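First the structure, in the form of structure tokens, and then the observations on it.
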């Protein structure tokens with residue numbers, strides 16, 4: 001077999017020299033861990049597909065690395081007294097990649113297209129109840145209720161599309177060869193092999209982008225991504241494991257990039273269905289269970305220390321996150337005290353479930369939690385379930401009273417996650433209802449002023465620590481690597497990035 | 001013989017029908033697609049609306065007949081994730097898988113036939129030991145492990161081959177070797193034992209007694225007879241290879257059917273999973289049928305006149 005292999009090598013070594021590079025063009029090669037289903041940001045189903053798509057588009061506004069909303073295709077905007085009407089003044093002399101002019105009609109058309117049910121993210125477009133043209137470069141966007149997240153959602157999901165081209169080719173074809181106003185224009189998509197973009201020379205952000213071409217290569221297997229960054233076939237890879245990142249740290253020519261992502265892991269309690277009447281209805285018991293679990297030990301042993309302790313269901317990049325709130329310390333004596341106080345000095349038995357294969361090492365995390373709870377007398381009957389069945393049961397609110405899961409958020413605020421996980425019967429995946437939380441969430445969701453909203457988040461954050469609806473676990477870090485000549489690659493907590501700033505030395 | 005072939009063809013069609021039935025019901029055991037495909041913070045009402053729009057709320061029997069009538073026309077519906085006709089997407093991936101399967105098969109045969117013949121004709125020698133060793137190793141080494149080892153050695157350390165992707169002859173070498181390893185082991189063992197067996201047949205003794213030279217006995221008598229056995233197993237293996245290798249295609253980022261199975265299952269993309277299962281099963285059935293025909297053509301002793 002070795003003989004055959006070396007014969008093949010000899011045979012093909014000639015072909016190698018034919019591969020030429022174009023030195024005059026700077027090309028950034030980026031690995032994507034999935035296969036984009038569409039290059040239309042409104043249809044791209046998951047984060048990686050969206051990351052590819054957004055290099056070609058702009059929205060009216062843009063969220064910077066600190067999650068502060070900045071002007072983009074809109075130069076400025078005004079908000080009405082009641083917080084329901086946003087008047088956007090659009091940037092002039094901007095053209096789509098095909099030469100169509102960007103104006104109010106394009107914004108109105110994009111919204112009318114976006115709210116149609118066959119568009120993946122139609123619910124994000126539908127946060128606005130009307131989008132009207134005032135004049136060529138002014139649009140009025142109205143919401144049914146004051147919506148503090150509107151600008152953030154627009155920045156994340158509202159890719160402005162050219163009306164003539166989009167209507168001409170239809171939405172499916174548009175997803176195969178998109179046209180936007182963004183820093184890069186679409187060149188070709190060789191299915192499952194490569195997506196090639198090139199610099200938009202007339203981009204409205206002056207001096208950007210800083211490379212001539214971007215080539216996205218789908219590589220689903222993390223070990224292969226790791227090999228490809230080592231050989232230099234790829235300049236940027238993401239979604240590596242902690243072990244791979246560790247191994248890459250000692251490799252010349254490669255730089256490891258790591259940051260906490262906007263995802264929280266937790267064990268949830270239930271006061272709507274299976275948890276009714278269980279000891280966990282008592283807040284002292286829920287606090288006790290937070291004290292009982294040594295989360296730092298879990299992080300150290302299962303994640304090489306590379307994760308943060310969670311407090312509340314918020315992450316440090318979220319608006320209103322209060323860094324002064326201390327995570328529950330590991331204190332099994334305090335836990336036993338609280339259990340005794342609540343009338344369970346000898347502990348109790350309770351059901352517990354976790355999804356299999358859904359998250360890194362999460363089965364082991366659940367088992368560790370089971371062990372720590374057992375140490376203070378709480379006996380759990382842990383069932384690790386096939387993830388499809390797990391989420392079916394979760395949506396039917398039929399999981400055991402304790403279960404482990406995680407929730408990511410990309411809007412930069414924790415409201416959608418808090419609503420989703422704590423919204424009571426109105427939310428598909430919530431098992432918890434608390435009037436204090438409901439009231440705070442209601443107020444947050446209609447408060448347009450950013451500072452007031454942050455204050456409400458802080459109040460909620462503190463309350464959720466005193467009367468915890470979860471055992472808070474951890475906020476994971478993500479591991480990426482770049483070739484050492486890659487500069488200004490700035491991924492954010494939602495694992496998104498804009499390559500217009502990135503360049504090669 | 002015609003009657004035999006006809007009955008085999010009818011059996012194949014019925015088998016494919018059974019595959020359709022199985023495929024339809026099996027994918028529906030995996031969970032509620034509406035909930036899995038909607039964003040997590042979607043309200044129950046939104047989920048219900050989506051379920052209705054996709055037709056997932058209709059009675060199962062109704063969904064089944066709709067699926068069958070369309071499937072018989074070759075229409076497997078639209079991929080929910082990729083938003084394109086499911087069958088077209090599968091067929092678009094076939095060339096890559098076909099290319100890889102052929103390369104793997106060629107590699108396996110190229111090594112296995114000479115090795116098996118040498119081993120089988122000299123039992124007990126060092127050649128035979130090598131032959132049996134390769135057979136054992138080929139069938140027992142996990143191919144995904146070998147794939148990762150080859151990437152780290154030939155791509156990362158030596159830089160001879162690209163680590164991933166499909167483009168140019170070089171890119172196919174590592175995936176083809178990794179994928180061909182299992183059939184290589186299987187073929188080697190098979191050829192060796194077939195040669196051993198055929199060597200003792202009366203007609204071989206006759207051939208030698210006619211005064212034929214060794215190499216002529218091998219090419220005209222032994223190998224032709226060994227090939228009957230080989231054809232059957234090559235046909236079956238090729239069928240499996242055409243179903244696409246999930247591991248190998250995923251590791252090498254090879255844009256074939258196997259990798260698509262992975263994506264389709266993860267996205268709970270019913271139409272795509274159904275189309276993929278149907279095509280994979282179809283290839284296996286077709287190759288079995290072709291194998292049966294090949295038997296008759298190669299070996300005049302098989303007439304199937306029952």
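Protein chains in written order, with the numbering used here: chain Z, 1 to 505; chain X, 1 to 306.
No residue lacks a Cβ here, since even glycine has one placed at the ideal position from N, Cα and C.
Computed from a prediction, not measured in an experiment: that's the story for all the values here.
DSSP three-state assignment for residue i, whether helix, strand or coil
| i | result |
| --- | --- |
| residue 127 of chain Z | coil |
| residue 39 of chain Z | coil |
| residue 45 of chain X | helix |
| residue 450 of chain Z | helix |
| residue 116 of chain Z | coil |
| residue 487 of chain Z | strand |
| residue 474 of chain Z | strand |
| residue 67 of chain Z | coil |
| residue 351 of chain Z | strand |
| residue 98 of chain Z | coil |
| residue 111 of chain Z | helix |
| residue 56 of chain X | coil |
| residue 404 of chain Z | strand |
| residue 320 of chain X | Outside the modelled stretch of chain X, which goes from 1 to 306, sits residue 320 of chain X, for which no answer is possible. |
| residue 158 of chain Z | coil |
| residue 308 of chain Z | strand |
| residue 85 of chain X | strand |
| residue 14 of chain Z | Its pLDDT being 41, under 50, residue 14 of chain Z is placed unreliably in this model, and the coordinates cannot settle the point. |
Separation of residue j from residue i, as counted between CA atoms
| i | j | result |
| --- | --- | --- |
| residue 482 of chain Z | residue 504 of chain Z | 11 Å |
| residue 138 of chain Z | residue 285 of chain Z | 56 Å |
| residue 296 of chain Z | residue 51 of chain X | 42 Å |
| residue 270 of chain Z | residue 61 of chain Z | 39 Å |
| residue 104 of chain Z | residue 41 of chain Z | 20 Å |
| residue 388 of chain Z | residue 357 of chain Z | 10 Å |
| residue 175 of chain X | residue 373 of chain Z | 47 Å |
| residue 500 of chain Z | residue 455 of chain Z | 34 Å |
| residue 391 of chain Z | residue 428 of chain Z | 10 Å |
| residue 220 of chain Z | residue 214 of chain X | 52 Å |
| residue 3 of chain X | residue 281 of chain X | 24 Å |
C-beta contact flag for residue i and residue j at 8 Å
| i | j | result |
| --- | --- | --- |
| residue 146 of chain Z | residue 201 of chain Z | no |
| residue 143 of chain X | residue 178 of chain X | yes |
| residue 170 of chain X | residue 119 of chain X | no |
| residue 210 of chain Z | residue 197 of chain Z | no |
| residue 135 of chain X | residue 188 of chain X | yes |
| residue 366 of chain Z | residue 350 of chain Z | no |
| residue 87 of chain Z | residue 215 of chain Z | no |
| residue 354 of chain Z | residue 393 of chain Z | no |
| residue 293 of chain Z | residue 407 of chain Z | no |
| residue 498 of chain Z | residue 54 of chain Z | yes |
6 Å Cβ shell around residue i - same chain, five flanking residues per side excluded
| i | result |
| --- | --- |
| residue 250 of chain X | 259 and 262 |
| residue 203 of chain Z | 183 |
| residue 130 of chain Z | 142 |
| residue 132 of chain Z | 140 |
Of the listed residues the options, nearest to residue i (C-alpha basis)
| i | options | result |
| --- | --- | --- |
| residue 45 of chain Z | X:209, X:268, X:169 and X:301 | X:268 |
| residue 441 of chain Z | Z:53, Z:313, Z:270 and Z:366 | Z:313 |
| residue 97 of chain X | X:279, X:257, X:187 and X:290 | X:257 |
| residue 229 of chain X | X:6, X:113 and X:12 | X:113 |
| residue 157 of chain X | Z:126, Z:232, Z:144 and Z:120 | Z:232 |
| residue 206 of chain Z | Z:72, Z:445 and Z:213 | Z:72 |
| residue 116 of chain X | X:125, X:131 and X:108 | X:131 |
| residue 72 of chain X | X:21, X:198 and X:162 | X:21 |
| residue 239 of chain X | X:289, X:198 and X:295 | X:289 |
Neighbourhood of residue i by C-beta distance below 7 Å, restricted to the same chain and skipping five residues each side
| i | result |
| --- | --- |
| residue 164 of chain X | 252 and 253 |
| residue 307 of chain Z | 299, 474, 475, 476 and 477 |
| residue 492 of chain Z | 65 |
| residue 154 of chain X | 160, 161 and 174 |
| residue 278 of chain Z | 350 and 401 |
Residues of its chain near residue i, where Cβ-Cβ distance is below 8 Å and the 5 sequence neighbours each way are ignored
| i | result |
| --- | --- |
| residue 247 of chain Z | 226 |
| residue 177 of chain Z | 39, 169, 186 and 189 |
| residue 281 of chain Z | 271 and 275 |
| residue 241 of chain Z | 222, 360 and 479 |
| residue 78 of chain X | 84, 85, 86 and 271 |
| residue 13 of chain X | none |
Residue i: CB within 7 Å of a non-hydrogen atom of the ligand ATP
| i | result |
| --- | --- |
| residue 317 of chain Z | The ligand ATP is not part of this structure, which contains no ligands at all. |
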